[in-house]
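Report on the following structure.
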Amino acid sequence: QVQLVESGGGLVQDGGSLRLSCVASGIFFGINVMGWYRQAPGKERELVATKTSGGVTNYADSVKGRFTISRDNVKNTVFLQMNSLKPEDTAVYYCRLTNSVVNSWGQGTLVTVSS
Numbered sequence: 105q106v107q108l109v110e111s112g113g114g115l116v117q118d119g120g121s122l123r124l125s126c127v128a129s130g131i132f133f134g135i136n137v138m139g140w141y142r143q144a145p146g147k148e149r150e151l152v153a154t155k156t157s158g159g160v161t162n163y164a165d166s167v168k169g170r171f172t173i174s175r176d177n178v179k180n181t182v183f184l185q186m187n188s189l190k191p192e193d194t195a196v197y198y199c200r201l202t203n204s205v206v207n208s209w210g211q212g213t214l215v216t217v218s219s
């Protein structure tokens, strides 16, 4: 069983920055994808950014140029550096890990951007 624990959320002003972290524990093998999703109040959960264990990244158009995903494969950790934050980025951010047999989610961390 894979467990994911996020950290780094909080309250920040419009234009500010935050860095989210997510550590995966448990056993998983082979190619995998770690990433970040978010869910704003009253909206569906949406992809923010993902990065494969091989280094391929994918970003939502709304965060391109502002957010950067990175990962440390040795420490099974994924990061999300969020710059130039906007009020519309306010959401609960979830970490996710998937491979051929695993689909695990973290508990979420709240990011609030005040105007």
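Just so you know, the sequence shown maps onto residues 105 to 219 in the working numbering. C-beta: ideal position from N, C-alpha, C; glycine also.
Alpha carbon of residue i to alpha carbon of residue j, nearest angstrom
i, j, result
"ALA128", "GLN107", "6 angstroms"
"THR154", "PHE171", "11 angstroms"
"GLY130", "TYR163", "26 angstroms"
"GLY139", "ILE173", "8 angstroms"
Same chain only: Cβ atoms within 8 angstroms of residue i, ignoring 5 sequence neighbours per side
i, result
"THR181", "SER125, CYS126, VAL127, ALA128, ARG175"
Span of the beta strand (DSSP E), counted from its first residue to its last, around residue i
i, result
"THR183", "According to the sequence provided, residue 183 is Phe. The question's Thr does not apply to it. Taken as a continuous stretch (DSSP letters only), the beta strand (DSSP E) holding PHE183 covers 181 to 186."
"PHE171", "171 to 176"
Same chain only: Cβ atoms within 7 angstroms of residue i, ignoring 5 sequence neighbours per side
i, result
"ALA144", "THR194, ALA195"
Within-9 angstroms CB hit, residue i to chain B
i, result
"PHE133", "Protein chain content of the structure displayed is limited to a single chain, and chain B is not contained in it."
Selection from the options that minimises the alpha carbon distance to residue i
i, options, result
"MET186", "TYR197, LYS179, VAL178, ASN177", "TYR197"
"THR156", "ASN203, GLN105, ARG142", "ASN203"
"VAL206", "GLY113, GLY169, PHE133", "PHE133"
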